[in-house]
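In the UniProt record's numbering, the protein residues as written are 1 to 238. We put the beta carbon where it would ideally sit given N, CA and C, even for glycine. The structure appears right after this line, and notes come after that.
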Ligand code: ATP
């Protein structure tokens, strides 16, 4: 198996405060890889660095064999790495369709783009129903679906999802998790950051636990799901 993403000894700081303190992990082609960890562990900072929104102070990021740690964010999207950010960041006054089209801003193949808007609408039927309405009228969970749909519009090799189930009802959360499984089956590699450790580990091939800027544990999803310290700390067991 070849790693699609290799992160080596990554360090990221906000001024004097180091949020990511020498993190190494890999994301294998075709797999779902999950980062779990408590609030403030550095998961979002890691994803934002991988997509070029923050610059590391040191370390290496190889995506599809190419070093991307100094590549501008829009070029990273063009290389095939898409990011569905925490807090969704959709454009509320634009329609759902316009939001989806923004995800294809680097593409020029009109027919392919139209087909992918249709695909997003099939994946999330609510987007089809509300296609011409302002995105701000969607519920939180529906906005999350739109953010995922938009990230998919760049036809990424690697889709990074930052807390896709945050604030969702159990039903909506199940829908998002089922979609992740569906996307994987269709060949998309996924890097997931999730607070809901149970759901995320259940569908992960590989997982890493981050604690205060470092990776403290790794294994297959099943291994971490059965790990005693993980069960105690993240699955609420005594
Ligand atoms: P959460 O699950 O709460 O989002 P996280 O694991 O994603 O947590 P980060 O958001 O990456 O964690 O935050 C890591 C650390 O960096 C935290 O201590 C946070 O307060 C700090 N931090 C994040 N963004 C900034 C910023 N813009 N300026 C200064 N410090 C920041």
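Alpha-carbon spacing of residue i relative to residue j, whole angstroms
i: residue 26; j: residue 6; result: 5 Å
i: residue 180; j: residue 29; result: 15 Å
i: residue 294; j: residue 17; result: The requested residue 294 does not occur in the structure, where the chain is confined to residues 1 to 238.
i: residue 228; j: residue 236; result: 11 Å
i: residue 233; j: residue 85; result: 25 Å
i: residue 2; j: residue 172; result: 33 Å
i: residue 10; j: residue 42; result: 11 Å
Range of the contiguous alpha helix (DSSP H) that encloses residue i
i: residue 44; result: 43 to 50
i: residue 122; result: 110 to 123
i: residue 173; result: 170 to 185
i: residue 202; result: 197 to 202
i: residue 98; result: 96 to 102
i: residue 77; result: 73 to 79
Residue i beta carbon near the ligand ATP (any heavy atom closer than 7 Å)
i: residue 122; result: no
i: residue 200; result: no
i: residue 87; result: no
Other residues of its chain near residue i: CB distance less than 6 Å, five sequence neighbours each side excluded
i: residue 153; result: 100, 103, 104 and 116
i: residue 160; result: 47, 83 and 191
i: residue 224; result: 201, 207 and 230
Residues near residue i in its chain [Cβ-Cβ closer than 7 Å; skip 5 each side]
i: residue 32; result: 180, 184, 190, 192, 203, 204 and 205
Spatial neighbours of residue i in its chain, beta-carbon cut-off 8 Å, leaving aside the 5 residues before and after
i: residue 94; result: 102, 134 and 135
i: residue 91; result: 98, 99, 102 and 135
Limits of the unbroken beta strand (DSSP E) element including residue i
i: residue 228; result: Unbroken run through residue 228 is the alpha helix (DSSP H), 228 to 234; no beta strand (DSSP E).
i: residue 206; result: 206 to 211
i: residue 13; result: 3 to 14
i: residue 18; result: 17 to 28
i: residue 148; result: First-last for residue 148: 140 to 152, but that is the alpha helix (DSSP H), not the beta strand (DSSP E).
i: residue 106; result: Where residue 106 is concerned, there is no enclosing beta strand (DSSP E), given that its DSSP letter is neither H nor E.
**Item:** Nearest-residue set for the ligand ATP, Cβ under 5 Å from any heavy atom
**Value:** 14, 19, 39, 40, 41, 42, 43, 44 and 45
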